[in-house]
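Engineer:
Residue numbers (our numbering), protein chains in the order written: chain A, 1 to 254; chain B, 1001 to 1091.
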């Protein structure tokens, strides 16, 4: 059973040329990375034992590393999510053939483009300082402190509401002062859900490689302006994960 | 520059954020039973577009939550779902 092999796919690229992307260390074994073709589209793949690959740190980083390497050479990369193993090369080519109409549409739109991510997280000290500057909050806090726990129930709720409004106003400031100027340099942008209360921005930008330096610079300008208040988590270059969304369902034949 | 971007292992959370359920996503069921499949239903919802002509399609429903080892990834479920192009094909 462990003898059976499958074909793991990493990403799609626009290429008619068979390409050897070297090797990758996958669960302790060295695997060749090769391409499977249909028309001017190709899947970047490796032959691996047929089994379920768990999304542990090592496996996830291998997947990402292969895509990063491909992106060094190829300028049109369509990311595929982690963990997809197919029975044979022929199955992958069949899949590619059926995805081809979408690939054809995507290629010109992502050619030469990369995704970068920016998370902005408020520093706890700064947030605490800021909220205590608000007179209505200070006043309400005093009321809460003076009352017993039960008597102050509704006051605490109101205080919570004020805190929420406070966060919303900061999110708004971050959006207009950081996000909007960056959007001007991007081909497209996407705001993802904020994770946790202190996160003020969670955005992905699709940018042209030619704009990469200018974008980096703009991020640094914004950081310079905000660095005492917030932390930046700036990542990339990624393939356009946040801008490509194709969902496949496989059903068993009857 | 003070802020440098990277995709290395220090940004594992960022990697997870992307590679589990973005890009081309193939159903959990498929990963398990990929051997011997005969039929694929392709549900293609979307694509990239530029800022002004953004084709807005649905976000895929969160996948493989039970296999995800790290915590704090939930919460991204289907948003506005629309325009499902379905086609059947044989492998």
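Yeah, the Cβ is synthetic: ideal placement off N, Cα and C, and Gly gets one too. Being a predicted model, the structure only gives us computed values, none of them experimental.
Does the Cβ-Cβ distance between residue 41 of chain A and residue 13 of chain A come in under 9 Å?
Structural biologist: Position 41 of the first chain, counted from the start, is the residue given in the question as residue 41 of chain A. Position 13 of the first chain, counted from the start, is the residue given in the question as residue 13 of chain A. Yes.
Engineer: Helix or strand or just coil, what does DSSP make of residue 239 of chain A?
Structural biologist: Within the first chain, residue 239 of chain A is the residue found at index 239, counting from 1. Three-state result, residue 239 of chain A: coil.
Engineer: Count the C-beta pairs between the region 215–229 of chain A and the region 181–191 of chain A that are closer than 8 Å, then say yes if the count reaches three, no if not.
Structural biologist: Yes, they touch.
Engineer: At least one CB of chain B closer than 9 Å to the CB of residue 78 of chain A: is that the case?
Structural biologist: In the first chain, the residue the question calls residue 78 of chain A occupies position 78. Chain B, which has a Cβ nearer than 9 Å to the Cβ of residue 78 of chain A, makes this yes.
Engineer: Please report the residue range of the alpha helix (DSSP H) in which residue 183 of chain A lies.
Structural biologist: Along the first chain, read from residue 1 onward, the residue named residue 183 of chain A stands at position 183. Per DSSP, residue 183 of chain A belongs to the alpha helix (DSSP H) from 180–185.
Engineer: Per DSSP, residue 43 of chain A is paired with what?
Structural biologist: As a first step, residue 43 of chain A must be located in the first chain, where it is residue number 43. A/12, A/36, per the DSSP bridge assignment.
Engineer: So, at 7 Å on beta carbons, what are the nonlocal neighbours of residue 208 of chain A in its own chain, with the 5 sequence-adjacent residues on each side left out?
Structural biologist: As a working mapping, residue 208 of chain A is identified with position 208 in the first chain. Same-chain partners within the cutoff: 112, 113, 187.
Engineer: Are three or more beta carbon pairs between the region 36–55 of chain A and the region 124–132 of chain A nearer than 8 Å?
Structural biologist: Short answer: they don't touch.
Engineer: Does residue 248 of chain A get closer than 9 Å to chain B when you measure Cβ to Cβ?
Structural biologist: Sequence index remark: in the first chain, residue 248 of chain A carries index 248 (1-based). Residue 248 of chain A counts as touching chain B.
Engineer: For residue 122 of chain A, report the span of its beta strand (DSSP E) as first-last.
Structural biologist: In the first chain, counting from the first residue as 1, residue 122 of chain A sits at position 122. Counting along the chain, the beta strand (DSSP E) containing residue 122 of chain A begins and ends at 113–122.
Engineer: Just to make sure I have the definition right: I need the residues of chain C whose C-beta is within less than 7 Å of the C-beta of residue 64 of chain A. Which are they?
Structural biologist: The structure shown contains no chain C; its protein chains are A and B.
Engineer: From which residue to which residue does the alpha helix (DSSP H) around residue 202 of chain A run?
Structural biologist: The residue you call residue 202 of chain A lines up with position 202 of the first chain. Run containing residue 202 of chain A: none in the alpha helix (DSSP H); it sits in the beta strand (DSSP E), 199–208.
Engineer: Which value, in whole angstroms, describes the spacing of the CA atoms of residue 147 of chain A and residue 232 of chain A?
Structural biologist: As a working mapping, residue 147 of chain A is identified with position 147 in the first chain. As a working mapping, residue 232 of chain A is identified with position 232 in the first chain. Going by the C-alpha atoms only, they are around 39 Å apart.
Engineer: Tell me the rounded alpha-carbon separation between residue 71 of chain A and residue 108 of chain A.
Structural biologist: The residue labelled residue 71 of chain A in the question sits at position 71 within the first chain. The residue labelled residue 108 of chain A in the question sits at position 108 within the first chain. Rounded to the nearest angstrom, the two C-alpha atoms are 16 Å apart.
Engineer: Determine the DSSP secondary structure at residue 76 of chain A, reduced to helix, strand or coil.
Structural biologist: For the purposes of this step, residue 76 of chain A is taken as the residue at position 76 of the first chain. If DSSP states are grouped into helix, strand and coil, residue 76 of chain A belongs with coil.
Engineer: Quick check on DSSP: helix, strand or coil for residue 91 of chain A?
Structural biologist: In the first chain, the residue the question calls residue 91 of chain A occupies position 91. DSSP places residue 91 of chain A in helix when its eight states are reduced to three.
Engineer: When the Cβ atoms of the region 85–105 of chain A are set against those of the region 31–39 of chain A, are three or more pairs found closer than 8 Å?
Structural biologist: Yes, they touch.
Engineer: Quick check: the region 55–64 of chain A against the region 10–28 of chain A, are there 3 or more CB pairs under 8 Å?
Structural biologist: Segments in contact, yes.
Engineer: From the DSSP output, in three-state form, read off residue 229 of chain A for me.
Structural biologist: For the purposes of this step, residue 229 of chain A is taken as residue 229 along the first chain, with counting starting at 1. The answer is coil: DSSP assigns residue 229 of chain A none of H, G, I, E or B.
Engineer: Should residue 138 of chain A be labelled buried (16 or more other beta-carbon atoms within 10 Å of its own) or exposed?
Structural biologist: In the first chain, residue 138 of chain A corresponds to position 138, counting from 1. Result: exposed.
Engineer: Among A/161, A/103, A/191, whose alpha-carbon lies nearest the alpha-carbon of residue 174 of chain A?
Structural biologist: Here residue 174 of chain A corresponds to residue number 174 of the first chain, with the count starting at 1. With distances taken between Cα atoms, residue 174 of chain A lies closest to A/191.
Engineer: Determine, for residue 126 of chain A, whether the minimum Cβ-Cβ distance to residues of chain B falls below 9 Å.
Structural biologist: Counted from its first residue, the first chain places residue 126 of chain A at position 126. For residue 126 of chain A, the answer is no, since every Cβ of chain B falls outside 9 Å of its Cβ.
Engineer: Who are the neighbours of residue 68 of chain A on chain B, taking C-beta pairs under 8 Å?
Structural biologist: Against the first chain, residue 68 of chain A aligns to sequence position 68. Under the 8 Å cutoff, chain B gives 1007.
Engineer: Is residue 101 of chain A helix, strand or coil when you go by DSSP?
Structural biologist: Within the first chain, the letter at position 101 stands for residue 101 of chain A. DSSP places residue 101 of chain A in helix when its eight states are reduced to three.
Engineer: Kindly indicate which residue of A/144, A/110, A/171, A/91 has the alpha-carbon position closest to the one of residue 195 of chain A.
Structural biologist: Working through the first chain from its first residue, we reach residue 195 of chain A at position 195. For residue 195 of chain A, the nearest C-alpha among the options comes from A/171.
Engineer: Bridge partners of residue 55 of chain A, per DSSP?
Structural biologist: Position 55 of the first chain holds residue 55 of chain A. DSSP, once it has assigned bridges, lists no residue as partnering residue 55 of chain A.
Engineer: Look at residue 1012 of chain B and residue 81 of chain A and say whether their C-beta atoms are less than 9 Å apart.
Structural biologist: Mapped onto the second chain, residue 1012 of chain B falls at position 12. Mapped onto the first chain, residue 81 of chain A falls at position 81. Against a cut-off of 9 Å, the Cβ pair of residue 81 of chain A and residue 1012 of chain B comes out as no contact.
Engineer: Taking all protein chains shown into account, do 16 or more other C-beta atoms lie within 10 angstroms of the C-beta of residue 26 of chain A, making it buried, or fewer, making it exposed?
Structural biologist: Counting from one through the first chain, the residue named residue 26 of chain A turns up at place 26. Buried, by the Cβ-count rule.
Engineer: Find out if the Cβ-Cβ distance for the pair residue 242 of chain A, residue 1005 of chain B is shorter than 9 Å.
Structural biologist: Looking up residue 242 of chain A in the first chain gives position 242. Looking up residue 1005 of chain B in the second chain gives position 5. Contact flag unset, no.
Engineer: Looking at chain B, is there any beta carbon in it that lies within less than 9 Å of the beta carbon of residue 181 of chain A?
Structural biologist: Taking the first chain and counting its residues from 1, one reaches residue 181 of chain A at position 181. Not one chain B Cβ lies under 9 Å of residue 181 of chain A.
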